Amino acid sequence: MPPLSLSAKARRGFSSSSSSAAAASSCRSQLEQDVKKLQKALQEETALHAILENALHRAALTLADMSYLPTNAQELLSNISILEGTISKLEDDMVSLHFQLIQERNERRLVEYRLKQAPPPPQLQQPRSVCSCHSTKSESDDTANEKSCRVDKVYPFAVLHDSAMKLQRQLSSKCFGNPNQLSEDIVRCMKNIFISLSDSCREASRIPSTEKQQSGPSPSGNYSISAFWSLSEPSSISSWVQSPQVDLNYNNNLLASETVFDPYKAREKLSWADIGSYGAAAEVSWMSVGKKQLEYAAESLRKFRLLIEQLAEVNPIHLSDDAKLAFWINLYNALMMHAYLAYGVPRSDIKLFSLMQKAAYTIGGHSFSAAFIEYVILKMKPPNHRPQMKIKVPEEQKKFCIGSPEPLLTFALSCGLYSSPAVKIYTAGNVREELQDAQRDFIRASVGVSRKGKLLVPKMLHCFARGFVDDNSFPIWISHFLPQQQASFVEHCVSQRRQSLLGTRTFGIIPFDSRFRYLFLPDMGFSN
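Numbering follows the working numbering, in which position 106 of the sequence shown is assigned residue number 100; successive positions increment by one, without gaps.
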């Protein structure tokens, strides 16, 4: 067979190389299609992840978001939304009716009280409780548990009378005609009572257990306030997305050890070494109220009773708007503390709201409950976890209200829960600056980072800022309230997470914690 010519070999080589090039091109095209499919799948998974994370934090879902979800998941979320709406409406109706009932009782009790007190009897002529909170509670509501929450008198009447007359002369000359000074003294006095009762518990805890067992059951006037109940959501922070760890050695000057006091400690949260004024706060999370414990607070209790009696005579209608604001902040915080002493710690949020309506002070001839002060006089919006309602306000009581809502009251009003801000004294002349300080101090004490560099913020703060700051700008807004080094560290962590975790939220939300606890900031402006 004759050898192939050169042109035949060239044609065969060209044909072979052409077929291999076509195969390579086809393979490349197939790979490119596979990459596009994977990229699309990744994009859908990332979007689905972001949607589910938002749903976990109860953020609103759009129709575009729903399109990424499977059909069964869409149906489930739709049913949950309908169910939540129905439950919310029923809760609104129930609480609104309950509030109307309490208001009617309150008005009836006030009329009865005025009839009995006209003409007013001499002060301190009848043995009464050292700690008595005006209540709208009917006699049929006095269960055995509620009776055990009352505080009995612990000193002979003659001793009380002599001490009370001396205190009354001192207080009358100081507070008469000055509602703001009176409100400051009431908060200051209640703070001393709480700290004294808490200190008495620490003293009692040092008693050997055998001695405690021999002491027998507590008297009926004895009850405890402690952190034994919680309505909070699970305190775990979602951490199922991989993210960079925080360099603890490099940042050891910013972050504190676990032994340092952190007033808003949460799972996975690293504490700052410097938390500002909250680092000097006094904490009361447990106390016992009985005859022995009241001996620690006897002087403050006698003073407190006289202050409350003077409160009925003041008239805050003619105060300036700033003076009204400071007056009602102080009274709200004092009334909530007084309510815990008088009735104990409620075991659910509905019962807490009932307590806020039940405990009231008589001021200028009108009875004001804690709920009325918060939602009517101070014009606060009820939090999302509470039913929203409209309260009818009598014309004569509208004069007591502040001129316009003040959003920063979020950081001033404390209802005695773990997530609440600290209690401090507010003054008529500087209340606006003091509210700004309260916001800054709360943010510095409550915000932190996780070991994976995720910014952690309390739910209360996120709800407050949601009306004017979007989630993307939220970490930057927070950093404006932090010291320079902490702010730079937070911005660095947020930047890292944005680069490594596209489409996910750069911060985590610490759920609201409803355990009983009070924080008291030092009273810097007070001198005896």
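Where is the CB? At the ideal position from N, CA and C, for every residue including glycine. Since this is a predicted model, take the numbers as computed values, not measurements.
Check	Outcome
Pairwise C-alpha distance: Gln478 and Leu449	16 Å
Classification of Ile472 by the beta-carbon crowding that lies within 10 angstroms, buried from 16 upward	buried
Reference Leu264; option with closest CA among Cys409, Ser408, Gly442, Ser413	Gly442
Endpoints, the beta strand (DSSP E) within which Ile357 is located	354 to 357
Length of the line joining the Cα atoms of Lys147 and Glu289	In this prediction, Lys147 scores a pLDDT of 35, lower than 50, which makes its location untrustworthy; the coordinate-derived value is nonetheless stated afterwards. In a straight line, the C-alpha of Lys147 is about 10 Å away from that of Glu289.
Distance CB(Ser508)-CB(Leu411) smaller than 7 Å	yes
Arg445 versus Leu249: straight-line alpha-carbon distance, rounded	11 Å
Chain-order list of residues whose beta-carbon lies under 8 Å from that of Ser190 (same chain, five-residue window excluded)	Tyr290, Ala291, Ser294
Helix, strand or coil at Ile504 according to DSSP, with G and I counted as helix	strand
Cα-Cα separation, Val339 to Ser414	15 Å
Sheet register partners of Ser361 (DSSP bridge)	Thr356
Same chain, Cβ closer than 7 Å to Ala439, neighbours up to 5 away in sequence not counted	Pro257, Tyr258, Ile269, Gly270, Tyr272
Validate contact between the segment 422 to 429 and the segment 314 to 322 using beta carbons, cut 8 Å, 3 pairs	yes
Host alpha helix (DSSP H) of Phe468 (start-end)	468 to 473
Contacting residues, own chain, Cβ-Cβ under 6 Å from Ala306 (five flanking each side not counted)	Thr356
Which listed residue (Asp517, Gln304, Arg492) has its alpha carbon closest to that of Ala44	Arg492
Within-7 Å CB hit, Leu300 to chain C	The question asks about chain C, but that chain is absent: this structure has only one protein chain.
Leu515 - DSSP class collapsed to helix/strand/coil	coil
Neighbour-count burial assignment, Ile76, 16 or more Cβ in a 10 Å radius	exposed
Cut-off 6 Å between Cβ atoms - residues of its own chain near Asp517, not counting five sequence neighbours on either side	Ile419
Contact belief for Ile371 with Phe347 at Cβ below 8 Å, rounded distance in angstroms	Actually they do not touch by this definition, with Cβ atoms about 17 Å apart.
Spatial neighbours of Tyr369 in its chain, beta-carbon cut-off 7 Å, leaving aside the 5 residues before and after	Pro376, Ile385
Pair within 7 Å by beta-carbon distance, Met331 and Cys409	no
From Leu46, Leu515, Trp266, residue whose alpha carbon lies closest to that of Ala275	Leu515
According to DSSP, residues forming a beta bridge with Trp266	Leu249
Opposing strand residues paired with Ala306 [DSSP bridges]	Per DSSP, none; premise fails for Ala306.
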